[in-house]
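> My questions will all concern the structure given below.
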Ligand code: ADP
């Protein structure tokens, strides 16, 4: 018998949803709430007759959840909300507590709240989403799917920072990583492509936020993101890794508070900061094509940082079988992929198919390496919502067995 499972991804001011039929994994509907907490919000949902768009005030995530559940009935996507058997909630920070997705209980909710200082924009939104759905669907199975849990297999040498150990002991300050749902989804897809054969894999999740993960036989051994989503490679608006003294000197020279510098590193840096144009790679690429010098620096710096991580992980894994590009930039920007691969191809024995690279955009799968390449290079579209739903199904089955 088929069942319905809803995947929820609450951001600081957004809520994305996808409703799946399982086991077929067919998407029944999907959509998005934007500008939650602003004066006027926006809502989009796919219905049988096309996409419906509405502008309406969305003071918080609870209101968005109420609008969504009413819309599911109004557009006859479900007859009754009881048809939804499970809801999977993405949670950005699970700290050291979770190495897998778990049933979302009040006890889990308390820990998610406790971890909010580590993800102040995301964990509170994830929690409000959960609480609102729990009220409306009290009998459904609720599952928390943590962005951090896939990275819990890292060894201390990969997650500790070289600061006084007491800060790790007192405050749990260490590397947690991010985008774990996407990295795991890609690792599972590669396992399927390889028919289960063990594999050394480097996953480049290049979206607005971005991280690179080294995967050995399906398990994460190292990841670029750090304590918070500010670490690792350069991103749309975030710095990625920096000499920590930059923080001190900028604060001193500009007479800025720690909060101001921290915000500047989070929302005014990365592609936006270097290019002075935009955090959206499309705008930077357009400027590059018109000969803009800073746009060139931006692309060069971005590809250098990604390439350096690939090189580091290539050594770390003792050789690489497969590299995968995924997420907004990884799936859609051949120019950046080419720049990255050009910087590592000689050392890694990669033969890159430029034509295939140019053709692979718009969220499609593609093999970008030639037959003779020592490393396979793929574009694989990520699907974090499907991963969330698969985790819900797995946890429901485990619960049944108990
Ligand atoms: P996030 O989920 O972290 O917000 P995404 O994975 O959606 O980010 O990626 C956003 C980035 O991907 C932006 O820099 C955007 O420029 C780029 N991007 C998304 N779609 C396209 C596209 N069709 N063509 C070129 N770039 C794209």
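In this note's numbering, the protein residues as written are 28 to 429.
Ideal Cβ placement from N, Cα and C applies to all residues, glycine included.
Between residue 370 and chain C, is the shortest Cβ-Cβ distance under 8 Å, so that the two count as touching?
The structure shown contains no chain C, having only a single protein chain.
> Just how far apart, CA to CA, sit residue 63 and residue 38?
The straight-line gap from Cα to Cα measures roughly 9 Å.
> For the beta strand (DSSP E) holding residue 82, just list the boundary residues, first then last.
Its beta strand (DSSP E) spans residues 77-83.
> Between the C-alpha atoms of residue 151 and residue 219, what's the straight-line distance to the nearest angstrom?
Approximately 35 Å between the Cα atoms of the pair.
> Drop a sphere of 10 angstroms on the beta-carbon of residue 273, count the other beta-carbons inside from all chains shown, and report buried for 16 or more, exposed for fewer.
So residue 273 counts as exposed.
> Flag this pair as yes or no: are the beta carbons of residue 402 and residue 348 separated by less than 8 Å?
Cβ distance < 8 Å, so residue 402 and residue 348 count as in contact.
> By Cβ distance, which residues of its chain are closer than 6 Å to residue 163, with the 5 residues on each side in sequence left out?
Excluding residues within five positions, the ones whose Cβ falls inside 6 Å are 96.
> Nearest by alpha-carbon distance to residue 109: which of 83, 166, 206 is it?
That would be 166, whose Cα lies nearest to the Cα of residue 109.
> Are there any heavy atoms of the ligand ADP lying less than 7 Å away from the beta-carbon of residue 118, as far as the coordinates show?
No; taking the cut-off as 7 Å, the Cβ of residue 118 has no heavy atom of the ligand ADP nearer than that.
> Does any heavy atom of the ligand ADP sit closer than 7 Å to the C-beta of residue 354?
Yes - the ligand ADP has a heavy atom lying nearer than 7 Å to the Cβ of residue 354.
> Which residues bound the alpha helix (DSSP H) around residue 337?
Element bounds for residue 337: 320-344.
> Enumerated in chain order, which unbroken segments of the beta strand (DSSP E) with a length of 3 residues or greater are wholly contained in the stretch 220-257?
Fully enclosed beta strand (DSSP E) runs of 3 or longer: 227-233, 237-243, 246-250.
> Would you check if the distance between the CB atom of residue 354 and the CB atom of residue 233 is smaller than 8 Å?
Yes, Cβ-Cβ distance for residue 354 and residue 233 is below 8 Å.
> Could you name the residues that DSSP lists as bridge partners for residue 405?
DSSP, once it has assigned bridges, lists 351, 394 as partnering residue 405.
> Does the stretch 410-423 touch the stretch 203-221, meaning 3 or more C-beta pairs lie closer than 8 Å?
Touching, per the Cβ criterion.
> Quick check: residue 178 and residue 247, are their CB atoms within less than 8 Å of each other?
Yes, these two residues count as a Cβ contact at 8 Å.
> Among all the DSSP beta bridges, which residues are the ones paired with residue 118?
Partner(s): 173.
> Any idea if residue 153 is buried or exposed, counting beta-carbon neighbours within 10 angstroms, 16 or more meaning buried?
Looking at its Cβ environment, which holds 16 or more other Cβ atoms inside 10 Å, residue 153 is buried.
> For residue 155, which three-state DSSP category applies?
Residue state, collapsed to three classes: helix.
> I want to know whether the stretch 324-343 touches the stretch 186-205 - three or more CB-CB distances under 8 Å.
Flag = no, the stretch 324-343 and the stretch 186-205 do not touch.
> Within 10 angstroms of its Cβ, does residue 391 collect 16 or more other Cβ (buried), or is it exposed?
So residue 391 counts as exposed.
> Determine contact between the stretch 309-319 and the stretch 365-372, defined as no fewer than three beta-carbon pairs at a distance below 8 Å.
They do not touch, by the three-pair rule.
> Can we count residue 301 as close to the ligand ADP, meaning its CB is less than 7 Å from some heavy atom?
Flag unset: Cβ of residue 301 not near the ligand ADP.
> Can you check which of these residues, 212, 221, 264, is closest to residue 302 by C-alpha distance?
Checking every option, the nearest Cα to that of residue 302 belongs to 264.
> For residue 331, which residues of its own chain have a beta-carbon under 8 Å away from its beta-carbon, when the five flanking residues on both sides are left out?
Closer than 8 Å at the Cβ level, and outside the excluded window around residue 331, lie 370.
> Roughly how far, in whole angstroms, is the beta-carbon of residue 410 from the beta-carbon of residue 395, given that I think they are within contact range, below 8 Å?
Incorrect: roughly 20 Å between the Cβ atoms, too far for contact.
> Which residues bound the alpha helix (DSSP H) around residue 314?
Run containing residue 314: 308-316, per the alpha helix (DSSP H) assignment.
> Where does residue 36 sit, in a helix, a strand or coil, going by DSSP?
The answer is strand: DSSP assigns residue 36 an E or B state.
> Would residue 257 and residue 235 qualify as a contact pair, given that the criterion is a beta-carbon distance under 8 Å?
The answer is no: Cβ separation not under 8 Å.
> Where does residue 300 sit, in a helix, a strand or coil, going by DSSP?
Helix at residue 300.
> Are there 16 or more other CB atoms within 10 angstroms of the CB of residue 88, so buried, or fewer, so exposed?
Counting Cβ neighbours within 10 Å, residue 88 comes out buried, since at least 16 surround it.
> Report, in whole angstroms, the separation of the C-beta atoms of residue 422 and residue 128, which I expect to be a contact under 8 Å.
With a Cβ gap of about 6 Å, residue 422 and residue 128 count as contacting.
> Tell me whether residue 308, by its Cβ, gets closer than 7 Å to a heavy atom of the ligand ADP.
Checking every heavy atom of the ligand ADP against the Cβ of residue 308, one is found closer than 7 Å.
> According to DSSP, which residues form a beta bridge with residue 71?
Answer is 59, 80.
> Output yes or no for whether 8 Å exceeds the beta carbon distance between residue 279 and residue 199.
Not closer than 8 Å, so no.
> Which of helix, strand or coil does DSSP assign to residue 386?
It is helical.
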